[in-house]
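Peer 1:
In my numbering, the protein residues as written are 1 to 426.
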């Protein structure tokens, strides 16, 4: 590998010589003017966006936030680039040469951190550590570049490797490939996030189809990113076929469940048997579907507890979907009255108590039935329909029971205690 002289190899020494000369004040003045102009542009940009208010379009909103994040270092870097050749006609520009990699590094860190935070949730535990590690890596590379140690480091990494077939693999090539893959994956995930945001705004598409298209877009973009990144840094994909085949066999045996859950997730989204907002019961767990991912589905129970159900279980098990084709659900409650009461009056009270509740539907109307003649009394059943089972049924049943109790007390209708008749025979 060529080890041409690093153009920044003598930068610190040249900068020290410039600092001994009075003409260095011109470089300081240029940097000051560039910073002032960049700061004024940054303030103007923030004020303009603040006056225009919040916008609904996700892509434009993302562009605004990103521009506000990188405006200051980007504008200052452009101004320094423009001022350097003009000042170089009369003075040394070593101070400007030092400022350029520093500004470029700051711009890179801010841009990458913004994209990472937009792509991943801000609550992920590794995000803060990644930000610190990435910033440390960038500043370390810049320091090595300024000190002129970059060629020696590259030669050292290039010497650590092995030959696989006709391809030479080394640590420097591996790091290049890793960096290229991570960069392209990040861009792919960011683009996937933008596509997903646009799809979620498309009200003419079914909710499940939106999720399917968003998942497929992310997967295809990630695959395309890897296929582009590796050849771009000189890694022959055929050289990795041996490792890929062995890895594929291992994954096929070891990750069967994960693969099954992944495929099941797409099946659920495509056949639309389960949608976000459905009230379902599976494996003894009952709740509202709040999220469908490629691996699992989240059910939020009536008590607020969230249950994570593997997608394979939803495909292979029997599911009770209370809101599959119709959100209306029938609720039944049984009440026992004494044998001596007015049954027709009692049944009318049951219907009136249910009809008085705002959540109870008028069509179909509430109905009362005589179910059975039991040992202690007569069993009556009240059936009524609601259109929002996801809001829970305990509260509405409690309100109806309380209304029935009050009306029974007012009408003199008795709810009997369990009783037995014991006869003593002499």
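In this text, a Cβ means the ideal position worked out from N, Cα and C, and glycines have one as well.
Since the model is a prediction, treat every value here as computed from it, not as a measurement.
So, helix, strand or coil for residue 393, using DSSP?
Peer 2: Residue 393: coil per DSSP, three-state reduction.
Peer 1: Can you list, in chain order, the stretches of the beta strand (DSSP E) that have 3 or more residues and sit fully within the segment 78–126?
Peer 2: Here no run is fully enclosed.
Peer 1: I'd like the list of long-range same chain contacts for residue 112, defined as Cβ closer than 7 Å, with 5 residues on each side in sequence excluded.
Peer 2: Result list for residue 112: 134, in chain order.
Peer 1: Please classify residue 495 as buried or exposed, where buried requires at least 16 neighbouring CB atoms within 10 angstroms.
Peer 2: No answer is possible for residue 495: it lies beyond the span of the chain, which begins at 1 and ends at 426.
Peer 1: CA-CA distance, residue 368 and residue 407?
Peer 2: Roughly 15 Å separates the two Cα atoms.
Peer 1: Expressed to the nearest angstrom, what Euclidean distance is found between the alpha-carbon atoms of residue 45 and residue 37?
Peer 2: So the two alpha carbons sit approximately 12 Å from each other.
Peer 1: Under three-state DSSP, which class holds residue 415?
Peer 2: If DSSP states are grouped into helix, strand and coil, residue 415 belongs with coil.
Peer 1: Taking the alpha-carbon of residue 418 as reference, which of 309, 358, 335, 361 has the nearest alpha-carbon?
Peer 2: Minimum Cα distance to residue 418 is reached at 335.
Peer 1: Helix, strand or coil, according to DSSP, for residue 328 in the structure here?
Peer 2: Coil at residue 328, not helix or strand.
Peer 1: Is it buried or exposed for residue 29, if we count other Cβ within 10 angstroms and need 16 for buried?
Peer 2: Answer is exposed; the Cβ neighbour count stays below 16.
Peer 1: Report the partner residues of residue 367 according to the DSSP bridge assignment.
Peer 2: According to DSSP, which records beta bridges pairwise, residue 367 is partnered with 383.
Peer 1: Quickly, what does DSSP pair residue 373 with across the bridge? List them, please.
Peer 2: According to DSSP, which records beta bridges pairwise, residue 373 is partnered with 378.
Peer 1: Shortest alpha-carbon distance to residue 229 belongs to which of 179, 212, 263?
Peer 2: Of 179, 212, 263, the residue nearest in Cα terms is 179.
Peer 1: Pick out the complete beta strand (DSSP E) segments inside the segment 275–334, 3 residues or longer, and give them in chain order.
Peer 2: Those beta strand (DSSP E) runs which fall completely within the segment 275–334 and span 3+ residues are 279–282, 285–292, 296–300, 306–310.
Peer 1: CB residue 400 to CB residue 332, shorter than 8 Å?
Peer 2: Against a cut-off of 8 Å, the Cβ pair of residue 332 and residue 400 comes out as no contact.
Peer 1: Would you mind sorting residue 372 into buried or exposed? The rule is 16 or more other CB atoms within 10 Å of its CB.
Peer 2: Residue 372 comes out exposed.
Peer 1: Just to confirm, is the Cβ distance from residue 39 to residue 119 under 8 Å?
Peer 2: No, they are not a contact pair.
Peer 1: At which residues does the alpha helix (DSSP H) containing residue 151 begin and terminate?
Peer 2: Where residue 151 is concerned, the enclosing alpha helix (DSSP H) stretches over 150–158.
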